[in-house]
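Take the sequence shown: its position 150, counting from 1, is numbered 150 in UniProt numbering, and each next residue is one higher.
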Amino acid sequence: MSVINTGRGDRGRDVPACRSHQLAISFSAQEGAYFSRGKTSARGLRSLPHAKLRAGFHSPTLTRRRAMARQHQELQEQTASRSCSLEAEVKSLRVQLAARLRESRQAQEMAAQALAEKDVTIAQLQGRLNAMEMEYEKILHGSLDLVLAKLAGASQRWEEMGTTISLEHKECLKKFGLNPLEIQRPGDPQDRTGPCLPLPSDVPYPLPTTPAPLGQARGQKQQVQSGLGTHH
């Protein structure tokens, strides 16, 4: 019989080889018993009815867990779908917002440009209006000055012509030996100083006491001259 040294030295004794053999046999027996129990349990499970297996595997807790898992998965899918739709909607709204902002900016620029053009046009029209008013004032003042000058010249000419005609009438009356201050026409008021003599009947045409217009005075002069020539 061989002896196995345990390494304990003097304090222990050596274990015989048969002892180690016994330990190995007992370990093998325990292992076989374990495997035999596993085979028996597996064989017993296979021998159970299918309904009992299904009832065991489909317990209420497991069913609730599976239902909750399905609900959780459905909620996740719905949330993902809703999130995708919201992201697409947000993207579309952002695009629309950018477009509206561009349109608003363009409208503001166009409005500002229109206002600037309007101000420029108003300023130009106001300048033209002021220039036209100044030109009209110049034309009006020039026309008024010209009219006043013409009226002054015409008045002076009429006065000269009236004075000339009056002197000619006085000379004609002096030729007949009459005083123009003493002659009174029919209908004249008695406002002259001194006695007034009636107009002789041999005078062919009544002489005017006030200066007449140019054409009328010339006609009267011609009539008086023709009457004097006939009288002589």
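The beta-carbon is built from N, C-alpha and C at its ideal position, and this holds for glycine as well.
{"Query": "Whole-angstrom distance between residue 147 and residue 172, CA atom to CA atom", "Result": "37 Å"}
{"Query": "Strand pairing of residue 165, partner residues [DSSP]", "Result": "Residue 165 is not bridged to any residue."}
{"Query": "Exposure label - residue 169; buried when at least 16 CB within 10 Å", "Result": "buried"}
{"Query": "Assigned exposure category for residue 165 - 16 Cβ within 10 Å defines buried", "Result": "buried"}
{"Query": "Alpha-carbon spacing of residue 130 relative to residue 92, whole angstroms", "Result": "56 Å"}
{"Query": "Distance between residue 158 and residue 133 (C-alpha atoms, nearest Å)", "Result": "36 Å"}
{"Query": "Euclidean distance between Cα positions of residue 99 and residue 106", "Result": "11 Å"}
{"Query": "Alpha-carbon to alpha-carbon, residue 81 and residue 70", "Result": "16 Å"}
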